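Number of protein chains: 2
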Amino acid sequence: MSTKRKSSALQENEGVSEPETTSKSAIEAIKNMRHSKPSAAQLVQGILAQDITALSRAITLVESTNPEHLKKANAIIQQCLPHANTSVRIGITGVPGVGKSTFIETFGTYLTSHGKKVAVLAVDPSSTLSRGSILGDKTRMEDLVKDDNAFIRPSASGTSLGGVARKSRETIILCEAAGFDTILIETVGVGQSETAVHSMVDFFLLLKLAGAGDELQGIKRGIMEMADAIVINKADGDNLKNAKIAKVEFNRALHLYPPKASGWQPKVLLASALQNQGIPEVWKLIGDYLSLAKDTHFFDHNRNEQNKFWLLQTIEDRLKSDFYNNPFIKTELKIQLERIENGETSPFAAAELLLGLK
Amino acid sequence: MSTKRKSSALQENEGVSEPETTSKSAIEAIKNMRHSKPSAAQLVQGILAQDITALSRAITLVESTNPEHLKKANAIIQQCLPHANTSVRIGITGVPGVGKSTFIETFGTYLTSHGKKVAVLAVDPSSTLSRGSILGDKTRMEDLVKDDNAFIRPSASGTSLGGVARKSRETIILCEAAGFDTILIETVGVGQSETAVHSMVDFFLLLKLAGAGDELQGIKRGIMEMADAIVINKADGDNLKNAKIAKVEFNRALHLYPPKASGWQPKVLLASALQNQGIPEVWKLIGDYLSLAKDTHFFDHNRNEQNKFWLLQTIEDRLKSDFYNNPFIKTELKIQLERIENGETSPFAAAELLLGLK
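Residue numbers (the numbering used here), protein chains in the order written: chain A, 162 to 519; chain B, 162 to 519.
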């Protein structure tokens, strides 16, 4: 369905015979390429020219922990900023097994076939440990990965959700400057990552299954309250009847929540990503939301509020990481935790002492 | 029901004729009293001697925003610490109207009549604005307020929940050192204050009404998950039948949650604080929990974990308040927020700039 296709890395091609010896000049060439460090200005130029290699390199700088890289990343973001803010940002969440990858594959391909340029990002703080529980395996999006109008980037790794989320948010800006007009941000339906993603998107889409029994989970963690739409996936074959019943139930549950600040009444849709059914309806619904939100100026207001939130969030994350990464603090924190455990000091006295070392 | 009674401030006494002129010596005496500032050591001595005036004064220091007072408060807490940790700490929450004040009045009076010394505290960050939505009106606990074995302290005021919660937690230590063996900590059933209270108590009690229709709220905000017991209050008269039905429903809902780290299966009880029914059963249930938690060492483990949590919480609150209270930051923050609003800078660049002023 995509307009252009690259040959897949997964596709088996006819074998070529190995070169006789490893070429010294080839090794040199590779080394040079690896060592070439384009300047911030060069990368910005590349990004604005929609060069995917420049975009990828800039994102790698954003994701780095090297202070030099971060400085360069900040310069790049600052220069990309006037060219950003131009896309629709859509958050997509759902518990494992709900079919997120297939949905993004089908939905993303639908969008590119309608002239959109789609960037797919992920926020998954667990990925440091599990190395890619989402989007790690690009083979699950076989069409989209070959699509010239799509760009897929797995989750940054990091120890804190705050850090991972910040990197994703900066990546959005770079993708927008590189001409991507639709940003899909996937997250897993566990933990606090939904809240982080909700705070960086215009529209929040919750994927559900009929009769999966995770309704309580969704209500409990406030995810259903954040949703602008619930899409019941795998609504096909024998499952269709149950999906229709679930649609009624979710609609009823959604009406229990107070009205949204946007004035939007969240909707429930049925879809089958695998059978490619119900996908245009999802995009139409998002369009309806955007019309409303732009008419009422909620769209801009919301992005502004999100920016302010991220300012404070970034500051607070940095205050904490600067403190806890201080080697003196690290050593003394261990001692104080032991003293608290032994009842030799109070949490407050220990905090005073540690803050005194700042 | 209480063992001793003071005359109530609310009680109308026969009038006494006014003195003819204001006595200069009396004014001097009042001034001196007001200006007498007992030392930290004197206050500690008073607290350990179970002097309520000393306890109240120390709590006022804890609640102060004056750095000198806080320094003194820290010294007092440090010296009280070896005498603290001796009580049972019980959190009590429920939405407005559920009858928290009446329940605490009846439950507290039951406890003091059984030889307990009861301190009643409140955590209510909204009280800065509403000035005492809970415990502000001590007249709602008319018996308990006159009870020599009870001490009631309304919520500290403050702009942040973190600050209010910290003050309450330090107040617990002072109350324990002053010989109070049962601490009841009330909070309102709205916002994040339940989580804060949950992190400072041994047992968390959720008050509910039959058929109040706030079940979804409780599940949604994770309060039901934190509860060690649900007490359905106002289970009397015509309401008793509904309360019994609600008991079955809440029991079923509680079984949907994963087992607690304590190994305790939360229970649902019926009570009528107004009719003084079901109160001994609540205390017996708490006793059962404590036996279990002490046998399995969960009790100590949990307090240790809470202490560690509070160490980190205190540090992080202070890092933030130090930063945002810096006058240079205050001025520049306003400018940067405006620049973000006008799209002239990114949240990240603004954060960098502000952090550079630290």
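By construction, the Cβ of each residue, glycine as well, lies at the ideal position given by its N, Cα and C atoms.
Every value quoted in this text rests on a predicted model; they were computed, and no experiment measured them.
Asked: How long is the line joining the alpha carbons of B/A434 and B/L222, rounded to whole angstroms?; Found: 34 Å
Asked: Out of curiosity, what's the CA-to-CA distance linking B/K495 and B/Q239?; Found: 39 Å
Asked: Determine, for B/T506, whether the minimum Cβ-Cβ distance to residues of chain A falls below 9 Å.; Found: yes
Asked: Mind listing the chain A neighbours of B/T475? Cutoff is C-beta to C-beta under 7 Å, in chain order.; Found: P508, F509 and A512
Asked: Helix, strand or coil for A/E466? Go by DSSP, reduced to three states.; Found: helix
Asked: Output the residue ranges of the beta strand (DSSP E) runs that lie fully inside the region 361-425 of chain B and measure 3 residues or longer, sorted by chain position.; Found: 364-369 and 390-393
Asked: Could you tell me the alpha carbon to alpha carbon distance between A/A414 and A/R314, rounded to whole angstroms?; Found: 34 Å
Asked: Should B/I384 go down as buried or exposed, given a rule of 16 or more other Cβ atoms within 10 Å for buried?; Found: buried
Asked: Are the CB atoms of A/V358 and A/S318 nearer to each other than 9 Å?; Found: no
Asked: Return yes when the Cβ of B/L345 is within less than 9 Å of the Cβ of B/F268, no when it is not.; Found: yes
Asked: B/H468 versus chain A: which residues are under 7 Å apart at the beta carbon?; Found: According to the sequence displayed, residue 468 of chain B carries Asn and not His. The contacting residues are I501 and P508.
Asked: How about A/Q474 and A/A326: do their beta carbons lie closer than 9 Å?; Found: yes
Asked: Counting C-beta neighbours from all protein chains within 10 Å, is the total for B/K185 16 or more, i.e. buried, or is it exposed?; Found: exposed
Asked: Identify each residue in the region 330-353 of chain A for which the Cβ-Cβ distance to at least one residue of chain B is less than 9 Å, and report them in chain order.; Found: R330, E331 and I334
Asked: Could you list the residues in the region 430-457 of chain A with a C-beta less than 7 Å from some C-beta on chain B, going in chain order?; Found: none
Asked: In chain order, what are the residue ranges of uninterrupted beta strand (DSSP E) at least 3 long that sit wholly in the region 224-261 of chain A?; Found: 249-254
Asked: Between the C-alpha atoms of A/L367 and A/L417, what's the straight-line distance to the nearest angstrom?; Found: 17 Å
Asked: Establish whether the CB of B/F484 and some CB of chain A are separated by less than 9 Å.; Found: yes
Asked: Could you name the residues of chain A that B/K491 contacts, counting a contact when the two beta carbons are closer than 9 Å?; Found: None at all; the shortest Cβ gap to chain A is about 13 Å.
Asked: On the CB-based measure, 16 or more other CB atoms within 10 Å of its CB, does B/E331 come out buried or exposed?; Found: buried
Asked: Nearest by alpha-carbon distance to A/A245: which of A/I265, A/P228 and A/I333 is it?; Found: A/I333
Asked: When the Cα atoms are used, what is the spatial distance from B/T492 to A/L472?; Found: 15 Å
Asked: Suppose you measure from the CA of A/E410 to the CA of A/P420; what does that come to, to the nearest Å?; Found: 18 Å
Asked: Work out the CA separation of B/A283 and B/I237 for me, nearest whole Å.; Found: 21 Å
Asked: In the DSSP assignment, find the alpha helix (DSSP H) that holds A/E502 and state where it starts and stops.; Found: P488 to E502
Asked: Looking only at its chain, what residues have a beta carbon closer than 6 Å to the beta carbon of B/Q436, apart from the 5 residues adjacent to it on each side?; Found: D397
Asked: How is the beta strand (DSSP E) around B/L282 delimited, first residue to last?; Found: V279 to V284
Asked: Do you know how far the Cα of B/S452 is from the Cα of B/G340?; Found: 22 Å
Asked: Check whether the Cβ of A/Q426 lies closer than 9 Å to any Cβ atom in chain B.; Found: no
Asked: Taking 9 Å as the cut-off, decide whether the C-beta atoms of A/M302 and A/I253 are in contact.; Found: no
Asked: Determine the DSSP secondary structure at A/K455, reduced to helix, strand or coil.; Found: helix
Asked: Can you have a look at A/S262 and say buried or exposed, based on whether 16 or more other CB atoms are within 10 angstroms of its CB?; Found: buried
Asked: Return yes when the Cβ of A/D285 is within less than 9 Å of the Cβ of A/V362, no when it is not.; Found: no
Asked: Give the residues of chain A in contact with B/Q240, contact being defined as C-beta atoms less than 9 Å apart.; Found: Under the 9 Å cutoff, chain A gives no residues; its nearest Cβ is about 10 Å from B/Q240.
Asked: Below 8 Å on the Cβ atoms is my contact criterion, and I expect A/N394 with A/G260 to pass it. Report the Cβ-Cβ distance as a whole number of Å.; Found: 5 Å
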